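Notes follow the structure.
In my numbering, the protein residues as written are 26 to 630.
See the structure below:
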């Protein structure tokens, strides 16, 4: 299949520029800088302070702080020795508390610095917070409830040591409630004794508790919706009118008594004490709600799997507010002939036309947000392989169209194009598919492919196709994918995570135990790990100059064709867990990380 002439010229120009630029990779270091995104990702916790202060917790990346109601965010982790933030809360004095997998941390200065406060905590898996009217602090842990009467300086266990407490609440009358997988427990004597109160609960897996200003207590459950008690928890009534989602993840109320429920399917609001619920998710690009926080001025914030959203009209409409807030895993990268960088993430596709200074989310028409791979077809069109099929990008209107006709298995993990312009798609569970029509239609080509869980593809200059599988090793095709043969001699790890072919036709297979190389078209493999300080190989890139780059869980390394040792290239890479690599015409590298977006690498000489 011939290339369109304009596209062919553009690709040739790009290749020439890369050949000139990438020779510098063998001479000097690459210095990495984090780009400005892509922003967003899964946010685990929120808390609102005074004067437009908002805090977001990310499980694994700590706390981010905003001083302008979420317009911009910065990391705020000085002293936070455990970054696995699960829950956040502020007390009436404005002190901020973070519950992590390693206990409780406190900040007295708006998140600028943190102190660990675990004295008395015999279980440090923090799952829930509550503050009483007298500013006593309660935590629900993996082994019961603890209380602090001295602003967290010390803790006393209140009981339920055999229970994992997912929710905790304190009423104005001093009653303490704990939500567990076995229902609600209540104490009216400061935790000395507990009684189980499940009367009226048709679901006892409690995920959230909140006390209403009028004295009602609401309980959110896993699968049973919402229950309300007007008797301090002594009995419960289900209040699901209008509620289409029954998995409740979080509950909160505002000063007017409006109740907000964060569910697995969006946000719901009740303005009449839970008698009826209204869905209020307009503007949310992801409806998996992890946390809801409300500021003193009434602004509502929600934490989702796509970042933080803000509403200034009581939840009627939402706006994404993620500038500076990065928790995106970038699984694939590609640069098109015009220099635009595309990043495939767990939240869809983002594109940058200025080397990462700004990113634009590009998901219109993309019905699957898990983007595993990219390829440019024979006429220069961009295709994306996702967990829900293959999509083609339209440059004119920045939209995607599904082009997966013929795909029986739509979990597409890798895409590749041969010199003849034929496209190949690797699927997890369905083997390999081929397209002779630039991706418009697909046909399975799996004769001899005994393992259908194909995770990666590579094509040599001579047209040999290799497919890496999960558990079956590497398969080779010499006839355009029609038949396949296993080629595993010398491979000691048969779960192949990445494949690459350099200009000399040498094959490289990446596994969780390092790199294997073949110089005989895969007939035999030898281990090639010299110099690697991390053997979990997640991605390869090949420069036109012949250099193999590898992204690992511990940084980027380079291997020259005639050099058997890997050299580190991770200076400035503050997140070394690299999932994808690519390069532009200026010789700048781009690394997609697990949780910190995209980094740009510039040769220092």
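We treat Cβ as the ideally placed atom computed from N, Cα and C, and that holds for glycine. All of these numbers come straight from a predicted model, not from anything done at the bench.
{"Asked": "Residue 453 - partner residues in DSSP beta bridges", "Found": "478"}
{"Asked": "Length of the line joining the Cα atoms of residue 580 and residue 567", "Found": "16 Å"}
{"Asked": "Rounded Cβ spacing between residue 451 and residue 480 (contact assumed at less than 8 Å)", "Found": "7 Å"}
{"Asked": "Beta-carbon contacts of residue 414 that lie in its chain and below 7 Å, excluding the five residues immediately before and after", "Found": "393, 427, 429, 432, 435 and 437"}
{"Asked": "Contact under 9 Å by Cβ, residue 300 with residue 330", "Found": "no"}
{"Asked": "Proximal residues to residue 263 (C-beta, below 6 Å), its chain only, five neighbours per side dropped", "Found": "252"}
{"Asked": "Residues near residue 306 by beta carbon distance below 6 Å, same chain, minus five either side", "Found": "291, 292 and 312"}
{"Asked": "N-terminal and C-terminal residue of the beta strand (DSSP E) that residue 418 is part of", "Found": "414-419"}
{"Asked": "Selected residue, minimal CA-CA separation from residue 188, among 206, 200 and 419", "Found": "206"}
{"Asked": "Those residues which DSSP pairs with residue 84 across a bridge", "Found": "109"}
{"Asked": "Spatial distance of residue 516 from residue 531 (CA atoms)", "Found": "15 Å"}
{"Asked": "Validate contact between the stretch 316-328 and the stretch 273-289 using beta carbons, cut 8 Å, 3 pairs", "Found": "yes"}
{"Asked": "Buried versus exposed, by CB contacts within 10 Å (16 or more), residue 221", "Found": "exposed"}
{"Asked": "Coarse secondary structure for residue 264, derived from DSSP in three states", "Found": "coil"}
{"Asked": "Three-state secondary structure (DSSP) of residue 472", "Found": "strand"}
{"Asked": "Which listed residue (366, 395 and 371) has its alpha carbon closest to that of residue 384", "Found": "366"}
{"Asked": "According to DSSP, residues forming a beta bridge with residue 201", "Found": "195 and 212"}
{"Asked": "Environment of residue 106 [buried if 16+ CB atoms lie within 10 Å]", "Found": "exposed"}
{"Asked": "Cutoff 8 Å; reference residue 63; Cβ partners in own chain excluding five residues on either side", "Found": "351, 353, 355, 368, 370, 372, 375, 384, 386, 622 and 623"}
{"Asked": "Range covered by the beta strand (DSSP E) that runs through residue 491", "Found": "490-494"}
{"Asked": "Coarse secondary structure for residue 89, derived from DSSP in three states", "Found": "strand"}
{"Asked": "Among 504, 302 and 425, nearest to residue 341 - alpha-carbon criterion", "Found": "302"}
{"Asked": "Between the CA atoms of residue 607 and residue 483 - distance to the nearest angstrom", "Found": "15 Å"}
{"Asked": "Inside the stretch 587-615 only - beta strand (DSSP E) runs reaching at least 3 residues", "Found": "603-608"}
{"Asked": "Beta strand (DSSP E) segments (min. 3 residues) lying fully within the stretch 328-367", "Found": "332-336 and 355-360"}
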